[in-house]
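The structure appears below as structure tokens.
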Amino acid sequence: MKYVVVVVDDSKFVHKLIEKLFDPNLFDAHFFTSAEETKKALDTFATQGRNVDLVLLDIYLQEGTKDESLALLEFLTKTRKRTQVIVMSGRLASEEFAEFYYKGADSYLIKPFPEDKFTTSIKKHINIARHIPKFNNAPLAKIKIDKREIFIGHLTTDTKLASFFRDELMKNNIGSWCESAELLEDPIWKPVLTDAINSCKIFLLLLSHDTLRSPYMKQEIIQAFNRKKRDGNKFLLIPVLYNIKANEVPRQITSMHCVDLTVANKRTEHIRSLMASLRKILKPAN
């Protein structure tokens, strides 16, 4: 089955450039110049039972403002449970990306983009779209940013485990941020991650033997510890030990209540217990 991709950009020249990057044997790509015609096409796809895997959305469409793109993004977030959205622009400030990210965008590309970066991003988000977990026989919807309560701090090497926790949380209607720490290197992504750590209720720290070697994870951990000092019991920091030896765990962390997944035959039990605790902690007060 081909991957269904929708490209929304008011430049036909950009359409041609992007079209050349898609293998027609793998992708079914559709190109539009406005939000209005895109919505009509998406509704048609829905009646045909066709799921859109990915939307590439230019931030500035025909009117030269972001309003049309933001409206389309909100439409996508409300009506498409599994569609990934990458916003595109020839110029993009961190606050602009944050605005779109908070409305439901998943990543960004700066035009003109190198072919390798374009291909890597497409593969990543197609994979996410195709592996959105099902619960009660329906794909789980992305939980809006303002309803996300947990930040999953992790490295790219631990993405599989981080994604597992994200999906388990989604099944319990708990939203999370699940972006790898290496994105702190990107000046456009960094403010988004910093704000997320400052606004979440729980920081779930996935601690492997590579974690403390990473300057990016160190930044996140320091920020989380500083927030813990500031906010006390209003903010929880929960280390999850995975693929790490006991003597590698820093003293400041061993003194905390940790979830230990280093023993394989007890992982399921400990994960189940963690999920139950998170549900209890985040349960709305009556």
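Note that the sequence shown covers residues 1 to 286 in UniProt numbering.
In this text, a Cβ means the ideal position worked out from N, Cα and C, and glycines have one as well.
Between Arg-82 and Ile-18, the beta carbon gap of about 21 Å keeps them out of contact (Cβ cut-off 8 Å). By the neighbour-count definition (other C-beta atoms within 10 Å, threshold 16), His-125 is a buried residue. Assigned with DSSP and collapsed to three states, Phe-22 falls in coil, not helix or strand. In the assembly as shown, Val-263 is an exposed residue. Its beta-carbon has fewer than 16 other beta-carbons within 10 Å. Cβ neighbours of Phe-151 within its own chain (closer than 6 Å, five residues either side excluded): Trp-177, Ala-196, Ile-197, Cys-200 and Phe-203.
For Ser-107, the CB contacts under 7 Å within the same chain, skipping 5 residues up- and downstream, are Ile-86, Ser-121 and His-125 in chain order.
Relative to Thr-157, the option among Leu-212, Ile-110 and Asn-173 whose CA is nearest is Leu-212. When secondary structure is reduced to three states using DSSP, Gly-232 falls in the helix class. The secondary-structure analysis by DSSP pairs Ile-150 across a beta bridge with Ser-176 and Ile-202.
At the C-beta level, Phe-97 and Ile-188 come within 7 Å of one another. CA-CA distance, Gln-62 to Val-192, rounds to 27 Å. Within its own chain, the residues whose Cβ lies closer than 7 Å to the Cβ of Phe-27, once the five positions on either side in sequence are excluded, are Lys-2, Tyr-3 and Val-5, listed in chain order. Contact between the segment 65 to 80 and the segment 38 to 50 is established, with three or more Cβ pairs separated by less than 8 Å. CA-to-CA, the gap between Lys-283 and Asp-53 works out to about 33 Å. Judged by their CB atoms, Lys-228 and Phe-235 are nearer to each other than the 7 Å cut-off.
Asp-9 and Asn-243 have their C-alpha atoms spaced approximately 44 Å apart. The criterion of a C-beta distance shorter than 7 Å is satisfied by Leu-237 and Ala-224.
According to DSSP, residue pairing for Ala-29 in a beta bridge involves Val-5.
Nearest Cα to Arg-279 within the set Gly-175, Asp-210 and Thr-268: Gly-175. At a cut-off of 3 residues, the continuous stretches assigned as beta strand (DSSP E) that sit fully inside the segment 45 to 90 are 54 to 58 and 84 to 89. Looking at the DSSP output, Ile-110 sits in a beta bridge with Ser-89.
Between Leu-72 and Ala-35, the CB-CB gap stays under 7 Å. Burial check for Asp-231: the Cβ neighbour count within 10 Å stays below 16, so the residue is exposed. Looking at His-270, Leu-207, Thr-194 and Glu-248, the one whose alpha-carbon comes closest to that of Asn-226 is Thr-194. The Cβ-Cβ distance between Leu-261 and Arg-267 falls below 7 Å. Going by DSSP, Thr-268 is part of the alpha helix (DSSP H) stretching over 267 to 282. The criterion of a C-beta distance shorter than 7 Å is satisfied by Phe-32 and Thr-38. Remark: C-beta atoms of Ser-89 and Ile-59 approach each other more closely than 7 Å.
Non-local beta-carbon contacts of Arg-130 in its own chain, meaning distances under 7 Å to residues more than five positions away in sequence, involve Asp-53 in chain order.
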